[in-house]
Every structure is written in C-alpha cells, then in structure tokens.
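**Student:** In order, the protein sequence lines correspond to chains U and C. Note that my numbering numbers the first sequence so that position 116 is 116, with each residue one more than the last. So the number in my numbering is just where the residue sits in the second sequence, counting from 1, plus 1000.
Number of protein chains: 2
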Amino acid sequence: MATSRPYSSHSTAPSAPELPPQSYDHHHQPPPQQHQSYYGQYPTPSPPPSSSSSYGPSGGGFPAGTSPDVIRAFQMVDRDRSGFIDEYELQQALSSGYQRFNLRTIRLLMFLFKNPYDSLRIGPMEFAALWSCLGHWRAVFERFDRDRSGKIDLMELRDALYSLGYAIPPSVLQLLISKYDNGLNFDSFVECGMIVKGLTEKFKEKDPGYTGSATLSYDSFMSLVIPFLVSYD
Amino acid sequence: MATSRPYSSHSTAPSAPELPPQSYDHHHQPPPQQHQSYYGQYPTPSPPPSSSSSYGPSGGGFPAGTSPDVIRAFQMVDRDRSGFIDEYELQQALSSGYQRFNLRTIRLLMFLFKNPYDSLRIGPMEFAALWSCLGHWRAVFERFDRDRSGKIDLMELRDALYSLGYAIPPSVLQLLISKYDNGLNFDSFVECGMIVKGLTEKFKEKDPGYTGSATLSYDSFMSLVIPFLVSYD
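In structure tokens:
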C-alpha cells in the first residue's frame, strides 16, 4: 500500500477509472492511491491562451475560446446588457443548451458558481465555467446511464460521482438517493452532485491537510451547512 | 466571569430571559453562564405520572395526560388504525390544531421526530411530542411577533430562537432569513427553527464535552448534513 492517507485529493479527472464492482465497500478499506478520492475539486475552465487577449471580440467578459453558443445563450437573456444574469435568467439561458432545470437546482448552481461581488447574479466568467461543468456532467450522466433510461440508479450514481472525483460512502449515497422518489434524471443528478461537490469543497477547506477529518466550531459548522438548505418560499 | 466555556448547555427553558438589545454580538464575548446557550435540546414531553398507567383509556400508545384533542387529531387521520401516520396524514393531522404546513416543513418534522423503527411514519408518542413542541413554538412565535403581523423579522427571529435555547450568530441568522423572501410566517419559523434545532442536536452529539467544537470525519459530516437537504421532487 503506497499510502495510509484515507483518501487522495487529486483524482478529479473525468477519465478516472470506474470502480470495480467488488469495491462498493472500498471506503472501509485502505484505498488504492490512484483510485480513491473523497474530495473533488471545482472544475476550472480552460485557461485562456497566454498569447492572446483574454476576451473574445464579441463576448465581453468571457474567457477566450468560449463557444459562440455559450456567449449567445448568455446574451440572449441578459437583455439589459448589464453583464450579469439572475436566477430566472440563468434558468432560461441553460434551457438553450441543456434543459429547463428546477429552480432549486438553479439556486444551488448560483450559490456554487457565484461571483465574489454579487451573490444574486453571475457574470460571463461564472456562466462559462458553469456551462462547461454541466457539459462535463452531462457526459458523465450519459456514460453511466447505461440502459439509456434517462435516469440513473444508486449504483450508477455511485459510479458517476466516483468518476467526478467523489467516493461517497454507501450510507450517504442511500440518503441522497432516498430523496428522489422517481429516480435521478439529469436535473436531480446535477442537484445531487452539486450538493456533494459543494459540501465536499467546504469540508475540504476545513481540512487543508487532507486528513479526512476536520475540526469545526459550531458557528463555522452552521455557516457552512445552512447555505445548502435551499428553502425558498 | 464564572466560566470560560463558550456556552452552557442547559438553558433551554422557554422562560430564558430575552437578550438585552446591546448584546447582539454577545457570541463574540465570553457569555454569562445563565444567559447563553448555543445548544438547545429536543423538548421532551412531560413524563407520565409514575403512579398510573402510561396510557390513557382510549388513546393507545399516547402518554398519559395527552389531550383528547391531540388523540383525536391523530386518530382521525390514522384511518387504517395502524397506529402510525405518514407525512401526508401528519400534514392533515396538524391542520386541525395549527395550520396546513408546507410539505417541506412536514418532512423535516418527520425526520426530527421519527420513531426508531420506521423512518417514514410516526406513532402516538412522537405525535404527542411533536404537537407539544409546536404548541411551545407557537407561543414563542406569538410572543416575539410583537407587531402581530403574523411574521417575524431578523431581530424577532434572533430573540425567538434565543428563547428556545439557541444563540445563533448574526451571520448564520442572516443566512437563514435570506432564504425567506417574504418574511417568516409560523410555517417558515418552524422550518427554520427545526433546521437550527436539528443541526445543533446533531453537532452536539459530536461534541459531548460542550467545547463548542467538534471533530468530524468526512463521512460523518456528510451523513449528518444530507438528511437536512430536503429535495424531494
């Protein structure tokens, strides 16, 4: 065994190998270094080419190389040309490339991809990062929806999250999936995955040494968790 | 200063004194022992008198002394006389004494008052405890809704939760209340308060010495938090 650390922190590649079927309980065993990650990372958009301007000619604020479809999707809903879109506009903008997401999922996406200056709106940089992340997740979803049912089940969810870099304990998976009576479609998968991703990120911030444990004050615990409890009227 | 502990753990009495206005930032200061509690406790129903049977003559499973109204509310919805009610039946049962709660609030109540044998239904004991808890919270809500608007604001929420035994940091309060665009009516207050109560309880289990901090493994953190993320389709 190469390491005694409970998990590695670098495996977030979409090409991470699938779990072998017998390793469902792998989190109880010392994990192989290359195959295990409790902690994922926020996907980062590709850095702009260093030799050119960071911004495309027509896409103010977008990273260079952003697909015109993405820029168009954003600009179509940013009617006042403020350069920022709110949650309803985001819902509409994503419809053109993906689907009409549940407003609950949209709010979670807004929270996780928010810009540092305005928590209620996102700009071109955040939109491009979000679009790219969803594209990646869509591919993962389709890859693991092996029976092409448009939904994934518990085992497929496990494998899909693992492929995204999150090795979720069976008990936690069970909790997650129990919230979706009708199975996980792509919308629910995104919501569910973003909850895992967001909570893992936040927890990881409190565990800089990747020990697998974190000491939290009551205040920081509450402040960490409550933003995820999306409970709008 | 009598103690250097960051908070005491016993002050959950509804008669806890209100915070003086100047102590809004009291959590940053060493708190007075008798006036401060970050941690609340689940309200426990009054123990049955030791000299009598624990069960009323007509209310199978209810604690002795349970009001006939409560027994009736339960039995009216427990049509199959199974002795257990599900979330929809709970919603209906509570309507007779309180109001028709949001299903999200109902699910949170089910989760927090669940019986150990069946997480999807509650029995007479749990129902009686829940009813009594809501009665207490209703009184607190009315006490702090000083302008009788039927809604409470940030400062009223702070005082109400404090009166219930929870001293919530201003930043957390702000997060909580930001989820309710239209202010907190009693339904939202119960949802919001039950989130605080539930998370505090769970955190406290990880901090048996009441130090104000807890060390959590990633798995236990995820398992603790995810049940609160009510995300039903």
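From the three backbone atoms N, C-alpha and C, an ideal C-beta is built for every residue, glycine too.
#1: List, in order along the chain, the chain U residues whose C-beta lies closer than 7 angstroms to that of residue 1098 (chain C)?
#2: What does the Cβ neighbour count give for residue 211 (chain U), buried or exposed, with the cut at 16 atoms within 10 Å?
#3: Please say whether residue 194 (chain U) and residue 108 (chain U) have beta carbons closer to each other than 8 angstroms?
#4: Given 8 angstroms as the limit, is there contact between the stretch 122 to 140 of chain U and the stretch 98 to 113 of chain U, that is, 3 or more CB pairs closer than that?
#5: Output needed in chain order: residues of the stretch 171 to 188 of chain U with a Cβ under 8 angstroms from some Cβ in chain C.
#6: In whole angstroms, what is the alpha-carbon distance linking residue 151 (chain U) and residue 184 (chain U)?
#7: Quick one: is residue 51 (chain U) near chain C, going by C-beta distance under 8 angstroms?
#8: Tell me the rounded alpha-carbon separation between residue 1088 (chain C) and residue 1103 (chain C).
#9: At a Cβ cut of 8 angstroms, what residues of the stretch 1203 to 1230 of chain C count as close to chain U, listed as they run along the chain?
#10: Compare the C-beta of residue 1109 (chain C) with all C-beta atoms of chain A and state if any pair is closer than 8 angstroms.
#11: Any chance you could list the beta strand (DSSP E) runs of at least 3 consecutive residues sitting entirely within the stretch 1083 to 1147 of chain C, in chain order?
#12: Of all the options C:1179, C:1157, C:1094, which has the alpha carbon lying nearest to the alpha carbon of residue 1169 (chain C)?
#13: Keeping to the same chain, check which residues put their C-beta closer than 8 angstroms to that of residue 187 (chain U); ignore five residues upstream and five downstream.
#14: If the cut is a Cβ gap below 7 angstroms, which residues of chain U does residue 1199 (chain C) touch?
#15: Report yes if the C-beta distance between residue 1078 (chain C) and residue 1085 (chain C) is below 8 angstroms; otherwise report no.
#16: Taking contact to mean 3 or more Cβ pairs, one atom from each stretch, closer than 8 angstroms, check whether the stretch 1061 to 1070 of chain C and the stretch 1128 to 1148 of chain C are in contact.
#17: Quick check on the burial criterion: 16 or more other C-beta atoms within 10 angstroms. Buried or exposed for residue 1227 (chain C)?
#18: Check whether the Cβ atoms of residue 166 (chain U) and residue 200 (chain U) lie closer than 8 angstroms to each other.
#19: Distance, Cα to Cα, residue 118 (chain U) vs residue 80 (chain U)?
**Tutor:** Looking at the atomic coordinates:
#1: Near residue 1098 (chain C) there are no residues of chain U at all, since even the closest Cβ is about 18 angstroms away, more than 7 angstroms.
#2: In summary, residue 211 (chain U) is exposed, with fewer than 16 beta-carbon neighbours lying within 10 Å of its beta-carbon over all protein chains present.
#3: Result yes, Cβ atoms of residue 108 (chain U) and residue 194 (chain U) sit closer than 8 angstroms.
#4: Segment contact: the stretch 122 to 140 of chain U against the stretch 98 to 113 of chain U, three or more CB-CB distances shorter than 8 angstroms; contact assigned.
#5: Correct list: 171, 172, 175, 176, 179, 180, 181, 182, 188.
#6: Computed Cα separation, rounded: 5 angstroms.
#7: Bear in mind that a pLDDT of 34 at residue 51 (chain U), under 50, signals an unreliable position, so the model cannot answer this.
#8: Looking at the two C-alpha atoms, the distance is approximately 8 angstroms.
#9: Residues of the stretch 1203 to 1230 of chain C with a C-beta less than 8 angstroms from any C-beta of chain U: 1203, 1207, 1212, 1213, 1214, 1215, 1216, 1217, 1218, 1219, 1221, 1222, 1223, 1225, 1226, 1227, 1228, 1229, 1230, listed in chain order.
#10: No chain A appears in this structure, whose protein chains are U and C.
#11: Counting only runs of 3 or more, we get nothing.
#12: When only C-alpha atoms are compared, the closest one is C:1157.
#13: Once the five neighbours on either side are set aside, the close Cβ partners of residue 187 (chain U) are 99, 101, 102, 105.
#14: Near residue 1199 (chain C) (Cβ distances below 7 angstroms), the residues of chain U are 222, 225.
#15: Their beta carbons are under 8 angstroms apart, which means residue 1078 (chain C) touches residue 1085 (chain C) by this criterion.
#16: Contact annotation: the stretch 1061 to 1070 of chain C touches the stretch 1128 to 1148 of chain C, with at least three C-beta pairs closer than 8 angstroms.
#17: By the neighbour-count rule (16 or more Cβ atoms within 10 Å), residue 1227 (chain C) is buried.
#18: Yes, these two residues count as a Cβ contact at 8 angstroms.
#19: Those two C-alpha atoms are separated by around 17 angstroms.
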